[in-house]
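Novice: Sending over a structure as structure tokens; questions will come in a sec.
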Amino acid sequence: MFMGNTMKYFSGIGIFVLVVCLPVFSVEAQSTFDPPNILWIVGENLKLDLGCYGAQHVKTPHLDGLAKEGMRYTKVFATSPVCAPSRSAFFTGMYQTSSDTHNMRSHREDDYQLPEGVRPLTHRLKAVGYTTANIKTMNGEVVGSGKLDLNFVNEGKLYDTDRWEELPKNQP
């Protein structure tokens, strides 16, 4: 008697959970997912010199507006004190010592490849439908692409473009 009631109870819970969770796993729910737009701004030696971080001596109204409407990171740090290894870590999501990219510009001449299975962030973004760009501006003018010194040789194109006008409209 006890076993029969217990089975009915847990069967009822199982059916309830299945019915409640089914919409989460449906094709329609997955197809209506709208991926967020990502604008990744990199500035060398920037520190917290933006109004959105409390800087008073510099005016950055456009960046402050983006920060107000988007996501602002407040607890970040670099795992390397120099730029190329820092970019390597950011692009791979790995400590530089794990990917052998920890020495400054250590693989410029030897065609160093990332360990098997490790792909740069831009490749992962492209795989899920994002268009990637590396656009460098100086004094308001587009002057080509930003730094590509990553301490490794990338397989294929790292970015889709380095021009604003080549970015597709209404696409992440």
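Add 4 to a position in the sequence shown, counting from 1, and you land on the number used in our numbering.
Backbone N, C-alpha and C fix where the C-beta goes; we use that ideal spot for every residue, glycine too.
Mapping the DSSP letters down to three states, classify E73 as helix, strand or coil.
Specialist: E73: helix per DSSP, three-state reduction.
Novice: Could you tell me if F95 is buried or exposed, where buried requires 16 or more neighbouring beta carbons within 10 angstroms of its beta carbon?
Specialist: With 16 or more Cβ atoms within 10 Å of its Cβ, F95 is classed as buried.
Novice: Opposite T141 in the DSSP bridges: which residues?
Specialist: Answer is V146, bridged to T141.
Novice: Could you check where the alpha helix (DSSP H) with H106 kicks off and where it finishes?
Specialist: Element bounds for H106: n/a, residue is neither H nor E.
Novice: According to the neighbour-count rule (16 or more other Cβ atoms, all chains shown, within 10 Å of its Cβ), is F37 buried or exposed?
Specialist: It is exposed - the Cβ of F37 has fewer than 16 other Cβ atoms within 10 Å.
Novice: Below 8 Å between beta carbons: does that hold for Y99 and A137?
Specialist: Contact flag unset, no.
Novice: At the 8 Å Cβ level, is K173 part of the contact set with chain B, yes or no?
Specialist: Looking at the structure shown, chain B is missing, and only one protein chain is on hand.
Novice: K51: which of V147, N158, T78 sits nearest, CA to CA?
Specialist: Comparing Cα-Cα distances from K51 to each of V147, N158, T78, the minimum goes to T78.
Novice: Should P172 go down as buried or exposed, given a rule of 16 or more other Cβ atoms within 10 Å for buried?
Specialist: Label assigned to P172: exposed.
Novice: According to DSSP, is T136 part of a helix, a strand, or is it coil?
Specialist: In this structure, T136 counts as coil in the three-state DSSP scheme.
Novice: Tell me the rounded alpha-carbon separation between R128 and E120.
Specialist: C-alpha separation (whole angstroms): 15 Å.
Novice: In chain order, what are the residue ranges of uninterrupted beta strand (DSSP E) at least 3 long that sit wholly in the region 47–102?
Specialist: Segments of the beta strand (DSSP E) lying fully in the region 47–102: there are none.
Novice: Per DSSP, which residues does T165 bridge with? Please list them.
Specialist: According to DSSP, T165 bridges with A137.
Novice: Let's test the definition: count the other Cβ atoms within 10 Å of the Cβ of P40 and tell me whether it reaches 16, buried, or not, exposed.
Specialist: Classification of P40: exposed, given that the 10 Å Cβ count is below 16.
Novice: Which residue from M108, S102, G55, G160 puts its Cα closest to that of D68?
Specialist: Per the Cα distances, G55.
Novice: Nearest-angstrom Cα distance between R167 and P85?
Specialist: Whole-angstrom Cα-Cα distance: 30 Å.
Novice: Quick one: using the 10 Å Cβ neighbour count with 16 as the cut-off for buried, is L26 buried or exposed?
Specialist: With a pLDDT of only 45 at L26, under 50, the local geometry of the prediction cannot be trusted, and no value is derived from it.
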